[in-house]
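**Student:**
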Amino acid sequence: MPIEINVDRIVILKRFLITLVCLLVFELVRLLVQASVLFQFVYMLIARKNSEPLRRFSNRLSCFAYRLLRYSTLNENAKPFPFNEFPKAGDCDRPSSTITFD
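The sequence shown lines up with residues 1 to 102 when you count with our numbering.
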């Protein structure tokens, strides 16, 4: 069931403009995630272990992408970074304790 909106059109337009910024930032985040995935696998092939700092950063990055999409799709009202803080490690789901390749 649709939610009736009783706000001024200017407010709706402001949210739309912020959403456009969020979608542009999301595209940049998507490229960063792709680069970190490629680097992580190359690193694992060479070192035979993962880069834990990159894994933690990628987890925060995916949490940030999730927040961008939730705001853009009107499922969250809290503005994401750059309008608020970048997600902290405690704001995101913890990564798996082990990595498997089955």
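From the three backbone atoms N, C-alpha and C, an ideal C-beta is built for every residue, glycine too. Predicted model, so just to flag it, every value in this text is computed and none were measured.
Does the distance from the CB of Leu61 to the CB of Pro80 come in under 8 Å?
**Tutor:** Their beta carbons are not under 8 Å apart, which means Leu61 does not touch Pro80 by this criterion.
**Student:** Would you kindly work out how many angstroms separate the C-alpha atoms of Phe64 and Leu24, rounded to a whole number?
**Tutor:** Taking the straight line from one Cα to the other gives about 13 Å.
**Student:** Is the region 44-52 touching the region 6-18, taking contact as three or more C-beta pairs under 8 Å?
**Tutor:** no
**Student:** Roughly how far, in whole angstroms, is the beta-carbon of Phe83 from the beta-carbon of Ile18, given that I think they are within contact range, below 8 Å?
**Tutor:** 7 Å
**Student:** Rounded to whole angstroms, what's the CA-CA distance from Gln34 to Ile5? Just pull it up for me.
**Tutor:** Whole-angstrom Cα-Cα distance: 38 Å.
**Student:** To the nearest angstrom, how far is the alpha carbon of Arg55 from that of Glu27?
**Tutor:** 20 Å
**Student:** Report the option in Asn77, Leu31 and Tyr66 whose CA atom is closest to the CA atom of Cys92.
**Tutor:** Tyr66
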